[in-house]
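Asks:
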Amino acid sequence: MDDNLKEHLSKLELRERIVELALDSFATHGIKSITMDEIATTLGISKRTLYEVFPDKETLLLECLKKAQSEGAAYVKEVCETTSNVLEVLLKIYQRTIEKYHSTNKKFYEDMKKYPKVYESLVKRHDENYEEKKAFFNLGVQQGLFRDDINFTIVNMLMHEQFAVLMNTDIFKEYSFVDVYESIMFTHLRGISTEKGASKLDEFIQTYRKEHQVKD
Numbered sequence: 005m006d007d008n009l010k011e012h013l014s015k016l017e018l019r020e021r022i023v024e025l026a027l028d029s030f031a032t033h034g035i036k037s038i039t040m041d042e043i044a045t046t047l048g049i050s051k052r053t054l055y056e057v058f059p060d061k062e063t064l065l066l067e068c069l070k071k072a073q074s075e076g077a078a079y080v081k082e083v084c085e086t087t088s089n090v091l092e093v094l095l096k097i098y099q100r101t102i103e104k105y106h107s108t109n110k111k112f113y114e115d116m117k118k119y120p121k122v123y124e125s126l127v128k129r130h131d132e133n134y135e136e137k138k139a140f141f142n143l144g145v146q147q148g149l150f151r152d153d154i155n156f157t158i159v160n161m162l163m164h165e166q167f168a169v170l171m172n173t174d175i176f177k178e179y180s181f182v183d184v185y186e187s188i189m190f191t192h193l194r195g196i197s198t199e200k201g202a203s204k205l206d207e208f209i210q211t212y213r214k215e216h217q218v219k220d
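Counting from 5, one number per residue, gives the positions in the sequence shown under the working numbering.
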């Protein structure tokens, strides 16, 4: 193997190791609680080497976010390939999301708003997925799961703005992110569902909460 190729692969592997460790550490302890020095020490590399790959924590955090989004997109694709029922897809995605929230320190979300580039990236990702989401909900209407008198453009915009506003409040100091997320999502889904869709949603909620109580 060419030496330049070896060096390139080595750098890629190091980059992946850094991102994997940082993402896990940030999610477990919060972003502010983890220093670049601690990441370098845990990986057994010098601080200089770490900064050669990622010049600052925000750049590293952005890469962590991209990794999480990429994994999420791969999961959505997998779910869509195994079921054509829109509500079932949404609920499986919801279950994965809520399980991620359960295993993530709420400081992570509180700290996130202190990094403007990261927040900007989240907004950009939302805008990129806009038409795809709209088509997805319209398919739910065709399947008789969602009401046909809903303007999903407005609904999705309101959902996005609601989360954006909440991220800039102190609500997460009083309530867990999971509780807030559940309240918003269940209210949202019930509001757009037909009787058929609401019935399936309630079945999911009952099953999920029973399973979660057993795990707790």
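The C-beta atom is built at its ideal place from N, Cα and C for all residues, glycine as well.
How long is the line joining the alpha carbons of L170 and M163, rounded to whole angstroms?
Replies: So the two alpha carbons sit approximately 11 Å from each other.
Asks: With C-beta atoms as the reference, is D115 less than 8 Å away from G201?
Replies: Result no, Cβ atoms of D115 and G201 do not sit closer than 8 Å.
Asks: CA-CA distance, S74 and E67?
Replies: Rounded to the nearest angstrom, the two C-alpha atoms are 10 Å apart.
Asks: Would you decide whether E139 is buried or exposed? Buried here means 16 or more other CB atoms lie within 10 Å of its CB.
Replies: Residue identity differs from the one stated: residue 139 is Ala in this sequence, not Glu. Classification of A139: exposed, given that the 10 Å Cβ count is below 16.
Asks: Going by DSSP, name the residue or residues bridged to F208.
Replies: DSSP lists no partner for F208.
Asks: State the Cα-Cα distance for the pair L25 and L149, rounded to the nearest angstrom.
Replies: L25 and L149: Cα-Cα distance of roughly 41 Å.
Asks: Using the C-alpha atoms, what's the distance from L54 back to E42?
Replies: E42 and L54: Cα-Cα distance of roughly 11 Å.
Asks: For S222, which of helix, strand or coil comes out of DSSP?
Replies: Outside the displayed span of the chain (5 to 220) sits residue 222, for which this structure offers no information.
Asks: If H106 and V184 are in contact, beta carbons under 8 Å, what's the gap, nearest whole angstrom?
Replies: Not quite, the Cβ-Cβ distance comes to about 13 Å (not below 8 Å), so this is no contact.
Asks: Taking 7 Å as the limit between beta carbons, can you name the residues of its chain near H12, skipping five residues before and five after?
Replies: Reliability fails at H12, whose pLDDT of 48 lies under 50, so the model's placement of it is uncertain and no value is given.
Asks: Going by DSSP, which residues form a beta bridge with S197?
Replies: According to DSSP, S197 bridges with F150.
Asks: Find out if the Cβ-Cβ distance for the pair L18, K71 is shorter than 8 Å.
Replies: In this structure, K71 does not lie closer than 8 Å to L18 by Cβ.
Asks: What does the alpha-carbon distance come out to for the pair V80 and V23?
Replies: Distance between the alpha carbons of V80 and V23: 22 Å.
Asks: How many Å lie between R21 and Y113 at the Cα?
Replies: If you take the alpha carbons of R21 and Y113, they lie about 23 Å apart.
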